[in-house]
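Read the structure below first, then the notes.
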Amino acid sequence: MISAGVLGAVFNLNHSAHVVHWHFFQMSVANIVLIVCMLLVFALAILLPFPGSRRRAGRP
Amino acid sequence: MSVAPAKPSWTARTREAAVAALPPEKLLPDSQPTYVASWIYIFGVASIASLMVIIGSGVILSLKGPAWWHDTSIGHFFNSIHLWAVELFFFAMVVHLWGKYWMAAWRGGRTRVWITGAVTFLVAVPTALTGYVSQQNFDAQWIATQAKDGLNSVGVGAFFNVTNFGQMYSYHVLLLPVAVSALVVAHVLLVRRHGVVPPFPLAAEWPRAGESENAKTPGLTGVEGVSSDADGASS
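Spelled out as C-alpha cells, the structure:
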C-alpha cells in the first residue's frame, strides 16, 4: 500500500500554485490539466464503443 | 332520486394528473433506445451518483462539525470524500453538459429538460462556493475575501455576505442543496417524460423544405422510451 509520504514526495503541494499567464489569459496549471482531462474524456466517450452496443444495434 | 357523483378529492386529482403525465412504464421503463448504449450517456448518471456521495458525506460533516473535520483523521477522510465527490460531480456534469449541447438536447419538446439541467449547473456553482467559504480555515478566508470583491464588483454584494460564516453555512447545508436536489429530481422526471434525446439523423435523412423535422427523424417517433412529437408539443 502506498503511504502518504510516498504520495507526498510524488505530488509536492507545499508551494504556491503554478500559473500560466499569457496576455489576458491567466489560469493555474491544475485547472488547465483538469480542463484538458475533461476534453480528453469527452472525446473518448464519443469515440470508444460501449460494451454490447453492436449486439443491441443488431437486435430485431 | 339520483345522487350526484362525488367530486374527486384533491389527492385523487393529483394522482390522476401525475399518472397521466408520467405513467409507470415511462417513469421506470424496461428498456432504453439502442442509441443510449454510448459512453456519452454515462455522465448524467455519474453526476447523480456523485451528488449522492456529496449529500451523504455532507450530512456526516454537518453532524460532526468543524472541529471534527479539521482535527481528526476520520474527519479529514470524510472532508476529502466530500471535496473529491464535488470535483467528480462538476467533472461529470460539465462533460454531460457538453455532450447534450452538441446533441442539441432541447430538440423534440425537451426545452424544459435542457433548462433544468443548465440551471442545475448554475445553482451548483454557488453551492460549491459556499462550501469553500465554510471550511473554517485560512483557505476559506482567502476565498471569501476574493469572492466578496468579485461579488461587490458586479453589484450583488449587498444581498449576501460571503465573509459571514453563519450565513454561508446555512446556504451551503440547506438552501442551495435543496435547490440543487429539487432541480435534479425535476430534470430526471422530465427526461423520463420526454425520453433521452436521440442523435442527429444522417444528412440524407434531413427533412426537405416544407417537411416537419420530426417526420423524418427516426429517433423522435416510434422508438421505445422516446416521446412522440405530440407529447413534446404538449410540454
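Order-wise, the sequence lines are chains A and B.
Under numbering that gives the first Met the number 0, the residue at position 57 of the first sequence is numbered 56, and the numbers go up by one with no gaps.
Under numbering that gives the first Met the number 0, the residue at position 109 of the second sequence is numbered 108, and the numbers go up by one with no gaps.
Ideal placement from N, C-alpha and C gives every residue a C-beta, glycine not left out.
Bear in mind the structure is a predicted one, so any value in this text is a computation, not a measurement.
Just how far apart, CA to CA, sit B:N136 and A:L38?
Here the alpha carbon of B:N136 sits roughly 33 angstroms from the alpha carbon of A:L38.
Taking buried to mean at least 16 other C-beta atoms within 10 Å of its own C-beta, is B:N78 buried or exposed?
B:N78 comes out buried.
Tell me, please, which residues DSSP counts as bridged to A:V18.
Partner(s): A:S27.
Under the assumption that B:H75 contacts B:S56 (Cβ atoms under 8 angstroms), give the Cβ distance between them as a whole number of angstroms.
Contact flag wrong, Cβ pair sits at about 12 angstroms.
Rank B:G116, B:L21 and B:E24 by C-alpha distance to the C-alpha of B:F42 and give the top, closest one.
Comparing Cα-Cα distances from B:F42 to each of B:G116, B:L21 and B:E24, the minimum goes to B:G116.
Residues that A:S52 contacts on chain B, provided the C-beta gap is smaller than 7 angstroms:
Result: A36 and S37.
Is DSSP giving B:P32 helix, strand or coil here?
For B:P32, the three-state secondary structure derived from DSSP is coil.
If contact means a Cβ-Cβ distance below 8 angstroms, which residues of the stretch 91-103 of chain B contact chain A?
The residues in question are V93, V94, W97 and G98.
Candidates B:M167, B:V93 and B:V190: closest to B:L21 by CA position:
In terms of CA proximity to B:L21, B:V190 leads the group B:M167, B:V93 and B:V190.
Which residue's Cα is closest to the Cα of B:H69: B:L173, B:A185 and B:D138?
If we check each option's Cα against that of B:H69, B:D138 comes out closest.
Classify B:P125: buried if its beta carbon has 16 or more other beta carbons within 10 angstroms, exposed otherwise.
Burial of B:P125 is indicated by the presence of at least 16 other C-beta atoms within 10 angstroms of its C-beta.
Given B:R192, which residues of its chain have a CB within under 6 angstroms of its CB, disregarding the five upstream and five downstream residues?
Counting only Cβ-Cβ distances below 6 angstroms, and skipping sequence neighbours, we find L21.
Let me make sure I understand the geometry here. Which of B:L175, B:W83 and B:S152 has the alpha-carbon closest to that of B:L121?
Comparing Cα-Cα distances from B:L121 to each of B:L175, B:W83 and B:S152, the minimum goes to B:L175.
Assuming B:H81 is part of the alpha helix (DSSP H), what are its boundary residues?
In the DSSP assignment, B:H81 falls within the unbroken alpha helix (DSSP H) covering S72 to W101.
If the cut is a Cβ gap below 9 angstroms, which residues of chain B does A:M26 touch?
Contact note: A:M26 does not reach chain B at a C-beta cutoff of 9 angstroms; the least C-beta distance is about 15 angstroms.
Can the beta-carbon of B:V85 be found closer than 7 angstroms to that of B:I53?
Yes, the pair counts as a contact, with Cβ atoms nearer than the cut-off.
Assuming the contact rule is C-beta atoms closer than 8 angstroms, B:H171 and B:S133 should be a hit. Round their C-beta distance to whole Å, please.
About 5 angstroms; that satisfies the 8 angstroms criterion.
Close Cβ partners of B:S180 (< 8 angstroms) along its chain, the five nearest in sequence each way excluded:
The beta carbon of B:S180 sits closer than 8 angstroms to the beta carbons of L50 and I54 from its chain, once the five residues preceding and following it are set aside; these are given in chain order.
For A:A44, which residues in chain B fall below 9 angstroms Cβ to Cβ?
In chain order: S37, W38, I39, Y40, I41, F42, V94 and G98.
Would A:R54 be called buried (16 or more neighbouring beta carbons within 10 Å of its own) or exposed?
Exposed is the call here.
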